[in-house]
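Participant: Have a look at the structure that comes next, please.
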Amino acid sequence: MNEDRLRARVREHVPVEGDDAVDAMIQVTCEALGACVGHAHRELLAAELPAAARDGFRDAHYDPDFGREALVAQVADSEHLADGHAAEHASAVLAAIAAELDEDERALLERELPEDLRPWVQRRSESRPPPRMPRSRDDDHADTKLSSSRGLTQERAAETLAEGRPGSEDAVSTAHGLTQEQRHETLAEGRPPGQR
295 MNEDRLRARV
305 REHVPVEGDD
315 AVDAMIQVTC
325 EALGACVGHA
335 HRELLAAELP
345 AAARDGFRDA
355 HYDPDFGREA
365 LVAQVADSEH
375 LADGHAAEHA
385 SAVLAAIAAE
395 LDEDERALLE
405 RELPEDLRPW
415 VQRRSESRPP
425 PRMPRSRDDD
435 HADTKLSSSR
445 GLTQERAAET
455 LAEGRPGSED
465 AVSTAHGLTQ
475 EQRHETLAEG
485 RPPGQR
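If you read the sequence shown in the numbering used here, its first letter stands for residue 295, the second for the next number, and so on.
So this is what it looks like as structure tokens:
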């Protein structure tokens, strides 16, 4: 595996300054990754990793229950990061490693990983977007309504403001008594509201 190309691929996902910082990300992630890979295939995959990351990968204790949450927690502890940043680092390293492996090795790594980590090593063309939710009828907003009713009275009657339907006969300002302007009261005159 070309280490310079691997570093460049990691940087495509996470902006990191300096080769030492990228190498540390790769090493920490590979140490955690080793716990996911069974001993039968570990040596084959270790041979493809950067030299500095091989020993940690090989020496990791295999745990069949080791998944995304455990991997992220281990990376977070090793790098002293919040889980979100650790997940970003780990996913960037796994995506970069997967891109550098030939297809057979990448497929082997994917099979060895727990299901919740597999999307991180899939080639971009293999990753599928989530299926679109079917739309309900012709109503664009039917799927986002809070109740099952057909909408407001105006919607049921197919009346909209755009059709020019007039509102109330009374203006809003006079519908409930006199306004400040009609009583000639203003805060600028120094009278608090409600005093006469």
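Backbone N, C-alpha and C fix where the C-beta goes; we use that ideal spot for every residue, glycine too.
In this text, all values refer to a predicted model and were calculated from it rather than measured experimentally.
Is it the case that the stretch 354-371 contacts the stretch 304-314, given that we only count it when at least three CB pairs across the two stretches are under 8 Å?
Facilitator: No: fewer than three Cβ pairs fall under 8 Å.
Participant: By the three-class DSSP mapping on this structure, what secondary structure does residue 378 have?
Facilitator: As a working mapping, residue 378 is identified with position 84 in the sequence shown. Residue 378: helix per DSSP, three-state reduction.
Participant: In terms of residue numbering, what span does the alpha helix (DSSP H) encompassing residue 499 cover?
Facilitator: Residue 499 lies beyond the residue range present for the chain, which begins at 295 and ends at 490; the question has no answer from this structure.
Participant: Taking only the alpha-carbon atoms, compute the straight-line gap between residue 392 and residue 297 and give it to the nearest angstrom.
Facilitator: Locating residue 392 in the sequence shown gives position 98, where the first residue counts as 1. Locating residue 297 in the sequence shown gives position 3, where the first residue counts as 1. Cα to Cα, the separation comes out at about 13 Å.
Participant: One question on the structure: do residue 295 and residue 387 come within less than 8 Å of each other, judged by their Cβ atoms?
Facilitator: Locating residue 295 in the sequence shown gives position 1, where the first residue counts as 1. Locating residue 387 in the sequence shown gives position 93, where the first residue counts as 1. Not in contact: residue 295 and residue 387 (Cβ atoms no closer than 8 Å).
Participant: Please list the terminal residues of the continuous alpha helix (DSSP H) segment that includes residue 336.
Facilitator: Translated into the one-based positions of the sequence shown, residue 336 becomes position 42. Where residue 336 is concerned, the enclosing alpha helix (DSSP H) stretches over 333-340.
Participant: Determine the direct distance from the alpha carbon of residue 384 to that of residue 406, and round the result to whole angstroms.
Facilitator: Here the question's residue 406 lines up with position 112 in the sequence shown. Here the question's residue 384 lines up with position 90 in the sequence shown. Each residue's alpha carbon lies about 16 Å from the other.
Participant: Is it right to say residue 343 is buried, meaning 16 or more other beta carbons lie within 10 angstroms of its own, or is it exposed?
Facilitator: The count along the sequence shown starts at 1 and reaches residue 343 at position 49. Buried is the call here.
Participant: What is the DSSP secondary structure of residue 371, counted as helix, strand or coil?
Facilitator: Along the sequence shown, read from residue 1 onward, the residue named residue 371 stands at position 77. If DSSP states are grouped into helix, strand and coil, residue 371 belongs with the helices.
Participant: Would you kindly work out how many angstroms separate the C-alpha atoms of residue 364 and residue 377, rounded to a whole number?
Facilitator: Sequence index remark: in the sequence shown, residue 364 carries index 70 (1-based). Sequence index remark: in the sequence shown, residue 377 carries index 83 (1-based). The alpha-carbon atoms of residue 364 and residue 377 are separated by roughly 10 Å.
Participant: Is it right to say residue 400 is buried, meaning 16 or more other beta carbons lie within 10 angstroms of its own, or is it exposed?
Facilitator: Taking the sequence shown and counting its residues from 1, the one referred to as residue 400 is at position 106. Residue 400 should be labelled buried.
Participant: Note down the Cα distance separating residue 358 from residue 329, rounded to an integer number of angstroms.
Facilitator: Looking up residue 358 in the sequence shown gives position 64. Looking up residue 329 in the sequence shown gives position 35. So the two alpha carbons sit approximately 8 Å from each other.
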